[in-house]
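What follows is a set of notes on a single structure, which appears directly below.
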Amino acid sequence: MEPDGVRVGSTLGAPQEPGAGSKQVEEPFIMDRRQLNGMSIDRLWALHTNLDEVLTVRLIALKSELELRLGKLRQDYDCATVLHERVRVLVCQLAELQNLQERVQKAQERTVCTHTYKEAVRIGRPSCRR
């Protein structure tokens, strides 16, 4: 039983329109201190119960939303950590490849220089000096 017209499930105990059925009021109902002072204990208890239900549902919804957001943040952090590690490894590999490329170029220059020197010696004109 709902005392004095307070409907369980309505927003903050706001009176519902006639014929609204189980439709909840969209706007919050703000009560004045004088209205609260004039209420019976049964109606105040019903209002308290109604507020408790509404706030419990809101808290559960907010907690669920925060858990989802926290899970996404943790997943993003894990992805960022893995990505950072991969980038670090790739930077090291790039440095090694650049060193290898420099060594290969120097070796090719020495080989070209040696061949050019040998050819020049055969002809009689050294074109590459060591």
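Under our numbering, the sequence shown has 1367 at position 87, and the numbering climbs by one with no breaks.
C-beta atoms are modelled at their ideal positions from N, C-alpha and C, and glycine is treated no differently.
Values in this document were obtained by computation on a predicted structure and should not be read as measured data.
Here the alpha carbon of residue 1312 sits roughly 17 Å from the alpha carbon of residue 1325. Across the structure, residue 1335 and residue 1369 are spaced so that their CA atoms are roughly 50 Å apart. In the displayed model, residue 1312 falls within coil according to three-state DSSP, outside both helix and strand. For the pair residue 1366 and residue 1399, the Cα-to-Cα distance works out to about 48 Å.
In the structure shown, the three-state DSSP call for residue 1320 is coil. Distance between residue 1354 and residue 1328, taken at the CA atoms: about 38 Å. Within the same chain, and ignoring the five residues on either side of residue 1373 in sequence, no residue has its Cβ closer than 6 Å to its Cβ.
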